[in-house]
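Visitor:
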Amino acid sequence: MSEEDNYKRVYTGPETNVQYLQELFEKAGIHSRVRNDFDSGLRAGFGGGLPGQVLLFVLRSHYEEAEKIARATFPKDFDNE
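This note's numbering applies: residue 158 is where the sequence shown begins, and numbers increase by one.
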């Protein structure tokens with residue numbers, strides 16, 4: 158299992174929302190990682206991802222707690238699930 162396999166996506170949304178969630182996660186002792194496919198694609202010289210949409214990942218062992226925080230903070234972003 159690679160290190161990336163230890164992480165699970167907990168939220169996708171605007172960068173400002175992701176930054177706010179990262180602050181909340183940090184206060185809760187949850188490590189997170191951000192992936193911006195659109196920005197990465199631009200830097201590499203090709204397209205990819207959606208503008209303004211950033212992916213937020215947490216360690217699988219913290220996923221349930223992180224999901225509760227994300228759902229409580231941005232409930233409308235989870236309405237379609």
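Cβ atoms here follow ideal geometry from the backbone N, Cα and C, with glycine treated the same way.
Only a predicted model underlies this, so the values are computations on that prediction, with no experimental measurement involved.
Taking the alpha carbon of Arg-190 as the reference point, which residue from Pro-171, Val-211, Lys-184 has its own alpha carbon closest?
Guide: Val-211
Visitor: For a quick check, are the C-beta atoms of Leu-216 and Tyr-164 less than 9 Å apart?
Guide: yes
Visitor: Using a Cβ-Cβ distance under 9 Å, would Phe-231 count as near chain D?
Guide: Protein chains in the displayed structure number just one, and chain D is not present.
Visitor: Would Val-167 and Ala-223 be called neighbours here (beta carbons separated by less than 9 Å)?
Guide: The answer is yes: Cβ separation under 9 Å.
Visitor: Please check the pair Phe-231 and Gly-170, which I expect to be a contact at CB under 8 Å, by giving their CB distance rounded to whole angstroms.
Guide: 7 Å
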